[in-house]
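Whatever position you read off the sequence shown (first residue = 1), add 11 for the numbering used here. Presented below is the structure to which this report refers.
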Amino acid sequence: AALADSPPSASAARALRLVVLSDTHGYEAQLPPTLPDGDVLVHAGDWWGADCKLDEYLAAQPHPHKLVIRGNHDPHKADFSRSGAIYATTAATAEACGVRFSLVPYTRKPVKYVPECDVLVTHEPPHRVRDRCLRGTHVGSASLRSAVERMPAKPRLWLCGHIHEASGAAERVRFGGGRGRGAPAPSTLVCNAANANDGYATRLVTVPTVI
């Protein structure tokens, strides 16, 4: 999938291959033993669950950069020393292959600020984008969406999970205005990469997302 319909920033000028997981809930044994190759392996949260051997699983993967954020079911402290993955439990930034990532884990508090980035990783989806739950209502984060709408430069890609029922597709969305007065914002590709079944997680039903 292309990351944006606007010219790439200098830091994201070359092609980048991302492999994305989310909402595995301890069922990593149901994933392929070796994931598709890529530059960066991302887990968008809710990995804690039945077996909790994510670090061991990630250590067996070939990706040179591994990023994990905390979901609403995950602990605030965890050991990822075998895989060397970055585990973000508070908002953080990272750079991989010259591309800027903002990592915004789950929080019960309103999100007021998101650092400028090429790729935004959150656990929750933005409100009204890939966030329709089993009841049919939109349950994504309004504060995350507002924070991105206030950003002068929008992320080219937004990776998320959390709402299992809304996974498996991506949408292009314009979040607010651009840098110039009255200028439209370039579109952001929003991808919900949740792997678990609808509702309460008991198994994995979708394949890893490759972008």
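For each residue, glycine too, the CB sits at the ideal point set by N, CA and C. Quantities reported herein were computed from a predicted structural model and do not represent experimental measurements.
For R183, the enclosing beta strand (DSSP E) starts and ends at 181-184. Going by beta carbons, G60 and G37 fall inside the 8 angstroms limit. Between the region 163-177 and the region 199-206 there are three or more inter-stretch CB-CB distances shorter than 8 angstroms, so the stretches are counted as touching. For R161, the three-state secondary structure derived from DSSP is helix. A buried status is given to D142, since no fewer than 16 other beta-carbon atoms sit within 10 Å of its beta-carbon. Taken in chain order, the complete beta strand (DSSP E) segments of 3 or more residues contained in the region 20-76 are 29-32, 51-54. Rounded to the nearest angstrom, the gap between the Cα atoms of D50 and A26 is 10 angstroms. Below 8 angstroms, enough C-beta pairs join the region 66-82 and the region 130-145 to call them touching: three or more. Look at H149 here: in three-state DSSP terms it is strand. P116 sits close to T100, with the two beta carbons spaced by under 8 angstroms. Residue environment for G210: exposed (fewer than 16 other C-beta atoms within 10 angstroms of its C-beta). Residue range 103-107 is occupied by the beta strand (DSSP E) that includes T104. Boundaries of the beta strand (DSSP E) around L200: 199-203. The beta carbon of A153 sits closer than 6 angstroms to those of H138, all from its chain and outside the five residues before and after it, given in chain order. Residue state for A207 is assigned as strand, using DSSP reduced to three classes.
Counting along the chain, T133 sits inside the beta strand (DSSP E) bounded by residues 130-133.
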